[in-house]
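Notes follow once the structure below has been shown.
Numbering (the UniProt record's numbering), first residue to last: 1 to 125.
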């Protein structure tokens, strides 16, 4: 897996989300949302996690766990954007609670796969 391409994809995602939240807050008539304000940090933290724990968890070698991790981050980002937009609009939705459950399950499965693949590799040695 190309680490440079991965780094740039997380960085560009953060920049796009930062610009999105600036534009959205500009046209929100002075109403702000903390979720929408800080949504751009999620790809940065997620990408940093992958690079920091690369040596420990082999984050770039297990494609399934990597894809699940990205799916969990995407769920986190979509949930934050939706919650932020609804806060600015002054509305609510019962479906907002689904996003934290989905992201926790997906990120948990990803972490489980990372750790179990390490244990399996350790048993093979």
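Glycine included, C-beta positions come from ideal geometry on N, C-alpha and C.
None of these values were measured; they are calculated from a predicted model.
Would you mind working out which of the options sits nearest residue i, comparing C-alpha positions?
{"i": "residue 47", "options": "105, 33, 5 and 101", "result": "5"}
{"i": "residue 67", "options": "106, 22 and 79", "result": "106"}
{"i": "residue 16", "options": "49, 42 and 29", "result": "42"}
Cα separation between residue i and residue j?
{"i": "residue 14", "j": "residue 37", "result": "12 Å"}
{"i": "residue 97", "j": "residue 71", "result": "17 Å"}
{"i": "residue 143", "j": "residue 7", "result": "There is simply no residue 143 to check, as the chain begins at 1 and stops at 125 in what is shown."}
{"i": "residue 34", "j": "residue 51", "result": "27 Å"}
{"i": "residue 22", "j": "residue 119", "result": "44 Å"}
{"i": "residue 57", "j": "residue 27", "result": "42 Å"}
{"i": "residue 93", "j": "residue 49", "result": "31 Å"}
Anyone know if the C-beta pair for residue i and residue j falls short of 7 Å?
{"i": "residue 39", "j": "residue 12", "result": "no"}
{"i": "residue 65", "j": "residue 113", "result": "yes"}
{"i": "residue 31", "j": "residue 85", "result": "no"}
{"i": "residue 101", "j": "residue 60", "result": "no"}
{"i": "residue 79", "j": "residue 95", "result": "no"}
{"i": "residue 110", "j": "residue 69", "result": "yes"}
- Task: Write down every uninterrupted run of the alpha helix (DSSP H) in the segment 25 to 80 whose length is 4 residues or greater and which is fully enclosed by it, in chain order.
- Result: 34 to 37, 41 to 52 and 54 to 57
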